[in-house]
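Under this note's numbering, the first residue of the sequence shown carries the number 6, and numbering increases by one thereafter. Beta carbons: idealized from backbone N, C-alpha and C, even for Gly.
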Amino acid sequence: MRQTAPRTSVEPVAEPAVGPLERGLQVVRALCDGPQRPADLVRGTGLVRSTVDRVVSTLAQMGYVRWQGREVAPAPRLMELGNAYLTAGGLPAALAAPALELSEALDESVSLAVADRDGVRFVLQSPRRRAMSVSFRVGDLLPAELCAPGAIFAADWDTTAWHAWERRVAGAHDDVPRFSVPAEGRADAAARLRRRTADFERTGWAEDDQLIEPGLIAIAVPARTPDGAVACAVSVVSHTSRHTVASLREHALPELRASVRRMEAALAAPPAAPPARRTGVDRSREAKEELGPDFLQSLQRGLAVMVALDVPGGATIAEAAAATGLPRATARRALASLCALGYAAESGGRFALLPRVLDLGYAGLSGLTLEEIAAPHLRRLVEEVGDSASLSVLEGADVRYVARAPAGRIMSVAISVGTRFPAYATSMGRVLLAGLDEATARDLLERSDRRALTARTRTGVADLAREVARVRADGHALVDQELEEGLRSLAVPVRDRAGRVVAAANLAAHAGPEPPERTRERLLPALAAAARAIETDLAVVTEHRPR
């Protein structure tokens, strides 16, 4: 059985010093609407320009936001905050596999959601790829009255919660959630929530018959912890072009209930050994010295404490202080602030994150593709070295370009996204072949149409296999005028969280009089650093993405 963290004696919590952390999170929430100029953030948050500038400088130094021209945009590393909540809660790790199996068995999209105040927050998605497909994202928040899981969670509301929901529906709620889909004009759906909740209590399942959008239907059942509490709602989502609610229920409910039983068994399984408690070092002083008054040390420390709550059962003040390297008094103030702002809760001396943390940009970033992750790093690389940069993946015996940042030169390498080249004759191709096992790489080489594209092109299988082995050992590939006369390129691998090579990044330049070794020495450090930055962002974005 999964156990909650042991209760400890409760240490008094100081009054929260909410100010800097609250203002920083205000800016982050405003950026969830898309890239904005500082003047837009001033209007959207009501903060003065000097405060916005300091918050943005601090968040940029932490890697949580970045500049796109004159606008500020959320950066993938911001997902550390939401990942901390998902890691501590454990639902994606425990339930992703049965959710994926259910989606494949039914050929329908499957969602997992948790209660968030009087809304429903998605924590896992397994969509089916179709022309008409579900576009909900992990982190999205829906009104309880407009989705199937809402009736499941409303069954546990007390009178106070029902009254809070009624105030929100009436437009008089003190703290209106930022719903991903607005509820304006859908009062009829709100009026039906009590009836749908009663239906769920009678049948054990809840439905969504086009409540939130014409054509969208769903059926949901709860997955419970061993003590009977609802851990999450599991939904099968379809479209009226495929099913009615009745036919979806007939098609999906037996398999859905069987899958939920497997999920509940996973939730009841003995927990894995807890990770060793981290001992951190407070780096905020170094950043403060670098940026001076533009750096908000208390904001950085508050966000560091939030990330430190990424352990099942949460953390005590002492554990949060140790994990961040902060004094206990500083950690206590940060935890009190997070509780006051609704991002954490305290029970028995332990502090745990709440689903509201996913409001901090998670939905918008969780769907980033590899190409979107790589693009900003490729642009910075081009600005640094002055040569064109690209990212490609292996497709059969070819490489296909998926992202590109051209150099602003009169004489430039004319390659566009979608271009394909034979892997055997390109630096990125050899890097991608080196990421395979030797037998698979050799088989691809043998099946390639190995033509001499220039006088320098290597075409022999044995010669190419030796070159791929050397690239595997060196960690990079340099190809000099084998694809085209005058074109020299250098490539390195890009790896996923598991260490698998999923792409290759390269720099392409005119060969000119510069010796190949000098090109390698000049470009490899910057190229390797860019690849590591892409890998870091990719790891954050995909930490809780079903494989």
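Identity of the residue in the options nearest residue i by Cα
{"i": "Leu83", "options": "Glu526, Gly347, Gly366 and Thr431", "result": "Gly366"}
{"i": "Arg282", "options": "Glu260, Arg262, Ala236 and Gly330", "result": "Gly330"}
{"i": "Ala535", "options": "Thr524, Ser303 and Leu512", "result": "Leu512"}
{"i": "Pro553", "options": "Leu221, Tyr348 and Val47", "result": "Outside the displayed range of the chain (6 to 552) lies residue 553, so it cannot be described from this structure."}
{"i": "Ala412", "options": "Glu388, Leu399 and Thr424", "result": "Glu388"}
{"i": "Arg42", "options": "Val70, Pro103, Gln66 and Arg28", "result": "Val70"}
{"i": "Thr284", "options": "Arg267, Val422, Glu324 and Thr249", "result": "Glu324"}
{"i": "Leu117", "options": "Ala410, Leu363, Gly434 and Cys237", "result": "Cys237"}
{"i": "Thr374", "options": "Met268, Val545, Arg126 and Gly29", "result": "Val545"}
{"i": "Ala277", "options": "Ala211, Arg28, Leu532 and Gly95", "result": "Gly95"}
{"i": "Val128", "options": "Arg134, Leu147 and Glu113", "result": "Leu147"}
{"i": "Leu492", "options": "Arg262, Ser397, Glu519 and Phe141", "result": "Glu519"}
{"i": "Glu490", "options": "Phe141, Gly480, Ala460 and Asp468", "result": "Ala460"}
Integer-rounded CB distance, given that residue j should sit under 8 Å from residue i
{"i": "Trp170", "j": "Asp123", "result": "4 Å"}
{"i": "Glu438", "j": "Ala428", "result": "Residue identity differs from the one stated: residue 438 is Leu in this sequence, not Glu. 6 Å between Cβ atoms; contact."}
{"i": "Ala313", "j": "Leu26", "result": "At roughly 14 Å, the Cβ-Cβ gap does not stay under 8 Å, so Ala313 and Leu26 are not in contact."}
{"i": "Val390", "j": "Leu528", "result": "6 Å"}
{"i": "Ala271", "j": "Pro103", "result": "7 Å"}
{"i": "Gly369", "j": "Pro79", "result": "6 Å"}
{"i": "Val497", "j": "Leu532", "result": "6 Å"}
{"i": "Val404", "j": "Gly434", "result": "5 Å"}
6 Å CB neighbourhood of residue i in its chain, flanking five on each side removed
{"i": "Met6", "result": "With a pLDDT of 36 at Met6, under the threshold of 50, the modelled position of that residue is not reliable, and no figure is offered here."}
{"i": "Leu301", "result": "Pro25, Arg59 and Thr63"}
{"i": "Arg550", "result": "none"}
{"i": "Val15", "result": "Note that Val15 has pLDDT 44, beneath the 50 cutoff, so the model's placement of it is unreliable and no number is given."}
{"i": "Pro494", "result": "According to the sequence as given, residue 494 is Ser; it is not Pro. Only Ser432, Val484, Asn511 and Ala513 meet the Cβ criterion."}
{"i": "Met416", "result": "Confidence in Met416 is poor, its pLDDT being 45 and thus under 50, which makes the residue's placement unreliable; the coordinate value appears in the next sentence. Hits under 6 Å: none found."}
{"i": "Val61", "result": "Val77"}
{"i": "Asp315", "result": "Ala89, Thr92 and Ala93"}
{"i": "Arg267", "result": "Pro103"}
{"i": "Gly155", "result": "Val125 and Ala149"}
{"i": "Leu449", "result": "Ala402"}
{"i": "Ala309", "result": "Thr329"}
Residue i versus residue j - alpha carbon distance
{"i": "Pro317", "j": "Leu458", "result": "57 Å"}
{"i": "Asn88", "j": "Ala98", "result": "11 Å"}
{"i": "Pro360", "j": "Thr431", "result": "46 Å"}
{"i": "Ile224", "j": "Tyr90", "result": "26 Å"}
{"i": "Ser55", "j": "Gly307", "result": "20 Å"}
{"i": "Arg288", "j": "Ala153", "result": "45 Å"}
{"i": "Ala470", "j": "Arg463", "result": "10 Å"}
{"i": "Ala228", "j": "Gln215", "result": "23 Å"}
{"i": "Tyr406", "j": "Phe426", "result": "9 Å"}
{"i": "Val507", "j": "Arg500", "result": "6 Å"}
{"i": "Ala394", "j": "Ile378", "result": "14 Å"}
{"i": "Ala196", "j": "Gly209", "result": "21 Å"}
{"i": "Ser240", "j": "Ala175", "result": "28 Å"}
{"i": "Thr50", "j": "Ala35", "result": "7 Å"}
{"i": "Pro11", "j": "Leu358", "result": "Any reading at Pro11 needs caution, since the residue's pLDDT is 38, under 50, leaving its predicted position unreliable; the model's value is listed next. Going from the Cα of Pro11 to the Cα of Leu358 covers about 17 Å."}
{"i": "Ala326", "j": "Thr202", "result": "43 Å"}
{"i": "Pro521", "j": "Ala65", "result": "37 Å"}
{"i": "Arg37", "j": "Leu383", "result": "Checking the sequence shown, residue 37 turns out to be Cys, not Arg. Going from the Cα of Cys37 to the Cα of Leu383 covers about 24 Å."}
{"i": "Ala474", "j": "Asp454", "result": "20 Å"}
{"i": "Glu212", "j": "Val250", "result": "7 Å"}
Status (buried if at least 16 other CB within 10 Å, exposed otherwise) for residue i
{"i": "Ala336", "result": "buried"}
{"i": "Arg355", "result": "buried"}
{"i": "His168", "result": "exposed"}
{"i": "Thr445", "result": "exposed"}
{"i": "Val242", "result": "buried"}
{"i": "Ser252", "result": "exposed"}
{"i": "Ser246", "result": "exposed"}
{"i": "Glu150", "result": "buried"}
{"i": "Gly39", "result": "exposed"}
{"i": "Ser185", "result": "buried"}
{"i": "Gly401", "result": "exposed"}
{"i": "Asp145", "result": "buried"}
{"i": "Ser303", "result": "buried"}
{"i": "Ser421", "result": "exposed"}
{"i": "Pro275", "result": "exposed"}
{"i": "Asp392", "result": "buried"}
{"i": "Glu451", "result": "exposed"}
Nonlocal neighbours in the same chain, by C-beta distance under 7 Å from residue i, ignoring five residues either side
{"i": "Leu399", "result": "Ala428 and Leu437"}
{"i": "Gly3", "result": "The chain is shown only over 6 to 552; residue 3 falls outside these bounds and no answer can be derived."}
{"i": "Glu269", "result": "Ala228 and Arg229"}
{"i": "Ala120", "result": "Phe158"}
{"i": "Glu260", "result": "Leu107, Ala110 and Leu111"}
{"i": "Leu363", "result": "Gly87, Tyr90, Arg126 and Gly144"}
{"i": "Ile217", "result": "Leu147, Leu151, Cys152 and Val186"}
Own chain, CB closer than 8 Å to residue i, minus 5 neighbours either side, in chain order
{"i": "Arg502", "result": "Leu543, Ala544, Thr547 and Glu548"}
{"i": "Leu75", "result": "The residue you asked about is not Leu; residue 75 is Arg in the sequence shown. Correct list, in chain order: Arg42."}
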